[in-house]
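2 protein chains.
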Amino acid sequence: MKKYQKIYADLKSKIEAREYELEAFLPSENVMTKHYDCSRNTLRNALSQLAQEGYIQSIHGKGVRVIFHPQRNQSRLVLDGIESFKDSLVRNNQLEQQAKTEIKVFAEMIVNSKLEELTSFPIGMEIYYIQRVRYINDQALIIDHNYFRKDIVEGLTKDIAISSIYKYIEKTLNQKIVRTSWTIMVEKATEEDLEILDLEGFDCVCVATKYVFNDQGMMFEFSKSRHHPKHFVFSGQAKRNN
Amino acid sequence: MKKYQKIYADLKSKIEAREYELEAFLPSENVMTKHYDCSRNTLRNALSQLAQEGYIQSIHGKGVRVIFHPQRNQSRLVLDGIESFKDSLVRNNQLEQQAKTEIKVFAEMIVNSKLEELTSFPIGMEIYYIQRVRYINDQALIIDHNYFRKDIVEGLTKDIAISSIYKYIEKTLNQKIVRTSWTIMVEKATEEDLEILDLEGFDCVCVATKYVFNDQGMMFEFSKSRHHPKHFVFSGQAKRNN
DNA sequence: TGGTATTTGTCCGTATGTATC
DNA sequence: GGATACATACGGACAAATACC
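Structure (structure tokens):
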């Protein structure tokens, strides 16, 4: 592990362990560089990551303040835009709950003009189209529509789609999933939504649209996930630019 | 303006002007440091900001790839978690549309245990509570419930709440709004929601919960915004940690 | 009020490691 | 293997905001 990653991990764990209180200041950069025996640059690299994730905030002339203590054990499944379904379950400590994935469609397609408009993949490109339903405790919560570039996510199969496509991409294909760009909106439930999800009286679904990029900066996935509104939580951080 | 900010702004404008195509590479860091007559540190500071906003992605050993061209003229109002209502209108080029704000409640309160649980302000703290309804083209789209720390947002009035509280905080109180932490979920519409918002057949609203921090790392605002589901879009970027 | 020390912000230069071509 | 490009790390200098006496 890199030096700055060790420092990042150490500080993060101390914050999570409440070793530094909310609104308290970390030791000064000067003190910390001595403690970690590193240069100020390296320390600040670690700090900037923590700041990016919303753990701390540097205040000019004063110090570095702790502004966030993550909470565990939410009642709903909290998503953050980049994780796989499985990852979210783990982070939310809900793996003891029964999770299941059902494949409705597994197909290979060629992008036509309609698909181009939807996915923004170029016309003529070969893609996989996969439709899956996600269950927790036997309740259908999410309908996933995934479109993958075939040349990047080679050799996808039904079996892989049932377990974890992201794991396949990262472990087997050895590609890194780096970044997503997403939007969330609400749509009226379709016939299919009503059929598959037990909406418990709701007449709408939450639709998360995602564009996913690998470590080469290539978009290899477009997906629309239709979520049961009662079990949908999305969270994040935002920074104001000056 | 700082040197790295100039470089950031210059590169950003060039990307937006499509001077660099999607998936194309920027000139190498070496070339750019010469062009901008700066150190590699300074250039990388600028690049890291662009990466954070999802414009570029560095690829080890290859170069820095453009991965995003912002789009304009969405049909819905796109929010990003940190802007004020007014800011969003401007960014979405919808200021020519008629925007209006109505104050339903303007009150000073002291945090009790129930409010503490809701807002996470400590018991006994003095706060402002403001309930507002946001209209675009005479259609009620958002019900805002804002809670402000009175000691930080001093001197708030109804008149200010009708125009722009954020403008007051930044221009008059000279405080900077730096960061928000937010979550989004869907809730069944309440009586009040149905009364105020014309939900056009929807039976639910989008609820955005925000914790807002100033440049001192102090949380000074808690708010819940109940959005008309048909006119709600939330978008952002997420990065996967390794 | 003012000066000094502390703390973070910006910027520079250099060296070495690692991935890609 | 060599050249190129980004990643990590060290060190130093000065500016700007803040705290303290």
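Residue numbers (the numbering used here), protein chains in the order written: chain R, 1 to 242; chain L, 1001 to 1242.
Backbone N, C-alpha and C define an ideal beta-carbon position, used for all residues, glycine too.
Problem set entry | residue 1124 of chain L versus residue 1137 of chain L - alpha carbon distance | 40 angstroms
For this session: Tell me, please, whether the CB atom of residue 1144 of chain L is closer than 8 angstroms to any CB atom in chain R?
Result: no
Problem set entry | Whole-angstrom distance between residue 103 of chain R and residue 110 of chain R, CA atom to CA atom | 20 angstroms
Exercise. What residues from chain L crowd round residue 148 of chain R, counting only those whose CB sits closer than 9 angstroms?
Worked result: Result: empty, since nearest Cβ-Cβ is about 17 angstroms, beyond 9 angstroms.
Problem set entry | Identified DSSP bridge partners for residue 218 of chain R | Its beta-bridge partners do not exist; DSSP assigns none.
Exercise. Can you find a C-beta in chain L that's less than 8 angstroms from the C-beta of residue 131 of chain R?
Worked result: no
For this session: Would you mind working out which of L/1049, L/1055, L/1039, L/1030 sits nearest residue 1061 of chain L, comparing C-alpha positions?
Result: L/1030
For this session: Compare the beta carbon distance of residue 1066 of chain L and residue 185 of chain R with 8 angstroms and say whether it is the shorter of the two.
Result: no
For this session: With a cut-off of 8 angstroms on the beta carbons, I'd call residue 1204 of chain L and residue 1224 of chain L a contact; round off their distance for me.
Result: Not a contact, Cβ separation roughly 15 angstroms.
Problem set entry | Cβ separation of residue 154 of chain R and residue 173 of chain R, assumed to be a contact under 8 angstroms, to the nearest whole Å | 7 angstroms
For this session: State the CB to CB distance for the pair residue 1149 of chain L and residue 1127 of chain L, rounded to an integer number of angstroms; the pair is presumed to be in contact (CB under 8 angstroms).
Result: 6 angstroms
Problem set entry | CB-CB length for residue 1237 of chain L against residue 1053 of chain L, believed under 8 angstroms | 7 angstroms
Exercise. Does residue 42 of chain R come within less than 8 angstroms of chain L when only Cβ atoms are used?
Worked result: no
For this session: With DSSP collapsed to three states, give me the class of residue 40 of chain R.
Result: helix
For this session: Whole angstroms is fine: what's the gap from residue 197 of chain R's alpha carbon to residue 1191 of chain L's?
Result: 26 angstroms
Exercise. Excluding the five sequence neighbours on either side, which residues of its own chain have a C-beta within less than 8 angstroms of the C-beta of residue 1001 of chain L, listed in chain order?
Worked result: 1009
Problem set entry | Cα-Cα separation, residue 1156 of chain L to residue 1165 of chain L | 8 angstroms
Problem set entry | Those residues which DSSP pairs with residue 146 of chain R across a bridge | R/130, R/223
Problem set entry | Test item: CB-CB of residue 55 of chain R and residue 3 of chain R under 8 angstroms | no
Exercise. Got a sec: which bits of the region 1145–1178 of chain L sit with their beta carbon under 8 angstroms from any beta carbon on chain R, in order along the chain?
Worked result: 1176, 1177, 1178
For this session: Take the Cβ of residue 1240 of chain L as the centre, count every other Cβ of all protein chains shown within 10 Å, and call the residue buried at 16 or more, exposed below.
Result: buried
For this session: Give the DSSP-derived three-state secondary structure of residue 209 of chain R in the structure shown.
Result: strand
Exercise. How many Å lie between residue 1017 of chain L and residue 1040 of chain L at the Cα?
Worked result: 25 angstroms
Exercise. Where do the N-terminal and C-terminal ends of the alpha helix (DSSP H) with residue 1123 of chain L fall, by residue?
Worked result: Run containing residue 1123 of chain L: none; DSSP gives neither H nor E here.
Problem set entry | Own chain partners of residue 1014 of chain L with C-beta closer than 7 angstroms, once the 5 adjacent residues on each side are dropped | 1020
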